[in-house]
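The numbers in the numbering used here rise by one with no breaks, and the one at position 22 of the sequence shown is 278.
Even glycine gets a Cβ: it sits at the ideal position worked out from N, Cα and C.
The structure displayed is predicted, hence computed values, not measured ones.
See structure below.
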Amino acid sequence: MKILYQYILSVFILFTISSNIYSQPHSIISYNIRYDNNWDIENSWKIRRNKISQILVQYSPSIIGIQEGLLNQVQYIDSSLIDYDYVGVGRDDGKKKGEFCAIYFDTTRYVLLKNSTFWLSETPDTISVGWDAALERIC
Numbered sequence: 257m258k259i260l261y262q263y264i265l266s267v268f269i270l271f272t273i274s275s276n277i278y279s280q281p282h283s284i285i286s287y288n289i290r291y292d293n294n295w296d297i298e299n300s301w302k303i304r305r306n307k308i309s310q311i312l313v314q315y316s317p318s319i320i321g322i323q324e325g326l327l328n329q330v331q332y333i334d335s336s337l338i339d340y341d342y343v344g345v346g347r348d349d350g351k352k353k354g355e356f357c358a359i360y361f362d363t364t365r366y367v368l369l370k371n372s373t374f375w376l377s378e379t380p381d382t383i384s385v386g387w388d389a390a391l392e393r394i395c
């Protein structure tokens with residue numbers, strides 16, 4: 257009985273140690289950066305962009321998800337992040353037009369194996385508007 261107890265305890269300790277060896281913390285930030293609206297003078301992108309970049313660089317998360325980013329905003333954030341890449345497309349044409357829901361990832365920690373985009377609608381593989389939406393929704 258004592259040998260069985262020692263065996264079970266040894267296996268438990270082994271699994272505990274081995275699971276901690278490979279454990280790495282992941283930090284994720286989701287940020288609605290608000291689209292670059294030409295009519296917004298007080299909170300324009302030119303005023304907000306440096307602070308947004310400072311926050312992202314300061315926290316240096318593993319993954320960053322942004323919403324409402326236009327191409328110029330996505331590119332600005334990309335240029336301010338070191339060792340990051342991103343995936344995402346504009347919701348209006350599936351390329352560069354419209355708002356992005358871009359996902360940036362730390363390339364020193366992750367390797368992109370595959371990515372895809374879909375629209376939140378009855379026809380997710382084509383640019384489309386869902387039954388309860390006024391605009392295209394992308395994911």
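By how many angstroms is the C-alpha of residue j removed from the C-alpha of residue i?
i, j, result
"Gln-280", "Leu-368", "18 angstroms"
"Ser-283", "Asp-362", "11 angstroms"
"Ser-384", "Ala-390", "10 angstroms"
"Asn-371", "Tyr-340", "16 angstroms"
"Ser-274", "Gln-310", "Annotation note: pLDDT 48 at Ser-274 (below 50); position unreliable, no value reported."
"Ser-335", "Glu-392", "27 angstroms"
"Tyr-366", "Ile-319", "9 angstroms"
Nearest to residue i by alpha carbon, out of the options?
i, options, result
"Ser-286", "Ser-372, Tyr-360 and Gln-310", "Tyr-360"
"Ile-394", "Tyr-366, Thr-364, Arg-365 and Cys-357", "Cys-357"
"Arg-347", "Thr-379, Ser-316 and Phe-374", "Phe-374"
Assuming residue i and residue j make a contact with CB atoms under 8 angstroms, what is their CB distance in whole Å?
i, j, result
"Glu-324", "Ile-289", "6 angstroms"
"Leu-326", "Asp-292", "5 angstroms"
"Leu-312", "Leu-337", "6 angstroms"
Answer yes or no: the CB of residue i versus the heavy atoms of the ligand FMN, is any distance below 7 angstroms?
i, result
"Phe-356", "By its list of ligands, the structure shown contains no ligand whatsoever, and the ligand FMN lies outside what it can speak to."
Quick one: give me the first and last residue of the alpha helix (DSSP H) that residue i is part of.
i, result
"Ile-311", "301-315"
"Asn-328", "327-336"
Which residue marks the beginning of the beta strand (DSSP E) containing residue i, and which one marks its end?
i, result
"Asp-296", "Neither: Asp-296 is in no beta strand (DSSP E) and is coded neither H nor E."
Answer yes if the stretch 350-359 comes into contact with the stretch 298-308, meaning at least three C-beta pairs across the two stretches below 8 angstroms, and no otherwise. No: the two stretches stay apart, fewer than three of their Cβ pairs being nearer than 8 angstroms.
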